[in-house]
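Asks: Next up is a structure, given as structure tokens.
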Amino acid sequence: MKNNLRGCLSGFTLIELLVVVLIIGILAGVALPQYQKAVAKSRAAQLYTAVSAVATAAHSYEMANGEWPDNFEVLDVDLPLQDKTGTACALAIGSGITKKEGKGYAIVIGKSPNRWNDVFGVFTEGKYPCTGVAYIKDTSGAFDGNTLYCVEYTGNAVSIPDTTRGRFCSKVMGKQFVRALYDYDWFE
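Each residue of the sequence shown is one higher than the one before, counting from 9 in the working numbering.
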């Protein structure tokens, strides 16, 4: 009876427990960055969808009225976001309601006379602030008018911890650098 009891009470050695903890730590170290990357891609997909919807509505408005919209109120798109004033990642905000915010991101309509018109969707917080998606209609011909670009802010008007080119668009989204313009790096 004593031998059976002793066999039941014998447990794992300290070395065995340390090996198990080490294996769990290694697996967590590999899985966590991949999980964070998947979350960032998912959030970016939401931005792509929202910016695409706003850009399509802006084009429809432009075709009907002969000019790019200068606020969300005139667009035939329903975004369940809050109307906000102010800037988002140093993006110029025009008249009317040109900025809408969701949790951790903002969508901005830009209108510049005789130059470019755009729709930006940028993260305002999190690991990749001031990165996101942009649609631009540029009268100079520098941009293709039918493309959504991945963008990263590079200017100095907003403090960003990591301004390494490609920190989001290349590493997370797998996009290629196209040009640097308007205090942003553009990726396609």
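All C-beta atoms in this analysis are idealised placements derived from N, C-alpha and C, irrespective of residue type, glycine included. Keep in mind it's a predicted model, so treat the numbers as computed, not measured.
Tell me whether Glu109 sits in a helix, a strand or coil according to DSSP, three-state version.
Replies: strand
Asks: Output yes or no for whether 9 Å exceeds the beta carbon distance between Tyr143 and Val127.
Replies: yes
Asks: Are there any heavy atoms of the ligand PLP lying less than 8 Å away from the beta-carbon of Ala65, as far as the coordinates show?
Replies: As far as ligands go, the structure on display features none, and thus does not contain the ligand PLP.
Asks: Given that a residue counts as buried once 16 or more other Cβ atoms are within 10 Å of its Cβ, and exposed if not, what is Lys179?
Replies: With fewer than 16 other Cβ atoms inside 10 Å of its own Cβ, Lys179 counts as exposed.
Asks: Check Tyr143 in the structure and name its three-state DSSP category.
Replies: Tyr143 falls in the strand class under three-state DSSP.
Asks: Report the three-state DSSP secondary structure of Glu70 (helix, strand or coil).
Replies: Helix.
Asks: Which word fits Ala96, buried or exposed, when buried means at least 16 other C-beta atoms lie within 10 angstroms of its C-beta?
Replies: buried
Asks: Among residues of its own chain, excluding the 5 on either side of Thr155, which ones have a beta-carbon nearer than 7 Å to its beta-carbon?
Replies: Glu196
Asks: Please identify the residue among Ser148, Gly129, Val130 and Glu81 whose C-alpha is closest to the C-alpha of Arg123.
Replies: The residue among Ser148, Gly129, Val130 and Glu81 with its C-alpha nearest the C-alpha of Arg123 is Ser148.
Asks: Quick check: what's the CA-CA separation for Pro169 versus Tyr136?
Replies: 9 Å
Asks: What does a CB cutoff of less than 6 Å around Met9 pick up in its chain, not counting 5 residues either side in sequence?
Replies: With a pLDDT of only 47 at Met9, under 50, the local geometry of the prediction cannot be trusted, and the value read off the model is given with reservation. Taking Met9 as the centre and dropping the five residues before and after it, the same chain places no C-beta closer than 6 Å to its C-beta.
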